[in-house]
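Residue numbers (this note's numbering): 319 to 500. Accompanying notes for the structure given below.
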Amino acid sequence: MNDRKHLTPREVERLITATRGSRTELRDRCLILLMFRHGLRVSEACALKLHQVDLESRVLHVARLKKGLSATHPLRGDELRAIKTWLIERARLAPAGDTFFVSERRAPLNRRTAWVAIRRYGELAELSVEAHPHMLRHACGYALADQGADTRLIQDYLGHRNIQHTVRYTATNPARFERLWR
Numbered sequence: 319m320n321d322r323k324h325l326t327p328r329e330v331e332r333l334i335t336a337t338r339g340s341r342t343e344l345r346d347r348c349l350i351l352l353m354f355r356h357g358l359r360v361s362e363a364c365a366l367k368l369h370q371v372d373l374e375s376r377v378l379h380v381a382r383l384k385k386g387l388s389a390t391h392p393l394r395g396d397e398l399r400a401i402k403t404w405l406i407e408r409a410r411l412a413p414a415g416d417t418f419f420v421s422e423r424r425a426p427l428n429r430r431t432a433w434v435a436i437r438r439y440g441e442l443a444e445l446s447v448e449a450h451p452h453m454l455r456h457a458c459g460y461a462l463a464d465q466g467a468d469t470r471l472i473q474d475y476l477g478h479r480n481i482q483h484t485v486r487y488t489a490t491n492p493a494r495f496e497r498l499w500r
């Protein structure tokens, strides 16, 4: 097995596709998409509350852990669709409390459950690496760097207080030299 610590955007797509037909497809599709797009740690995703997801304003209020800097991120169309679909299913489950992601037992989603699900979807997607939740956070950082985002912007987006935690995403990206020597 490969010891790479992130997934590519294509592998994330395959991971999401692997949720099809599972009992928790709607939740897990939304979970994986939000973890990837917003660089959420598994604990941040599991702790997400309904009031942090503002469909009217089309934003996600990200409360970072590990003394990270919280931020408000815009939600894109595919994210809004996944959220709305999950919220219909969540309402059907009628859980107590305001936790956004809940288990089939209507309790707040446990980090371990998310971890096992992502590992299983990685196997179903036949990824070349053993997928785990933190790979989605790293995938976010690398995808932003690949799109040309600068290190400071990625730092703010991921909530890093120390830029040394962010440079890994841009340091290995040859696209950062693209605009040189024109």
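Using N, Cα and C, we set each Cβ at its ideal position, and we do this for glycine too. The structure presented is a predicted model; accordingly, all values stated were derived computationally and were not measured.
Please classify residue 369 as buried or exposed, where buried requires at least 16 neighbouring CB atoms within 10 angstroms.
Residue numbering aside, residue 369 sits at position 51 when the sequence shown is read from its first letter. It counts as exposed.
Can the beta-carbon of residue 345 be found closer than 9 Å to that of residue 444?
Position 27 of the sequence shown, counting from 1, holds the residue named residue 345. Position 126 of the sequence shown, counting from 1, holds the residue named residue 444. No, the Cβ-Cβ distance between residue 345 and residue 444 is not below 9 Å.
Between which two residues does the beta strand (DSSP E) carrying residue 390 extend?
Stepping through the sequence shown from its first residue, residue 390 is reached at position 72. Start and end: 389-392.
Three-state secondary structure (DSSP) of residue 372
The residue given as residue 372 occupies position 54 in the sequence shown. Strand.
Taking a contact to mean a Cβ-Cβ separation below 9 Å, would you say residue 435 touches residue 351 in this structure?
Your numbering for residue 435 matches position 117 in the sequence shown. Your numbering for residue 351 matches position 33 in the sequence shown. No, the pair does not count as a contact, with Cβ atoms beyond the cut-off.
Delimiting residues of the beta strand (DSSP E) encompassing residue 478
By 1-based counting over the sequence shown, the position of residue 478 is 160. Careful: residue 478 lies outside any beta strand (DSSP E) and carries neither H nor E.
Contact set for residue 357: own chain, Cβ-Cβ below 6 Å, skip 5 residues either direction:
On the sequence shown, residue 357 is found 39 positions in, with the first residue counted as 1. Excluding residues within five positions, the ones whose Cβ falls inside 6 Å are 455, 458, 476.
Whose CA, out of 390, 340, 337, lies closest to the CA of residue 355?
Here residue 355 refers to the residue found at position 37 when the sequence shown is read from its first residue. Out of 390, 340, 337, 390 has the C-alpha closest to the C-alpha of residue 355.
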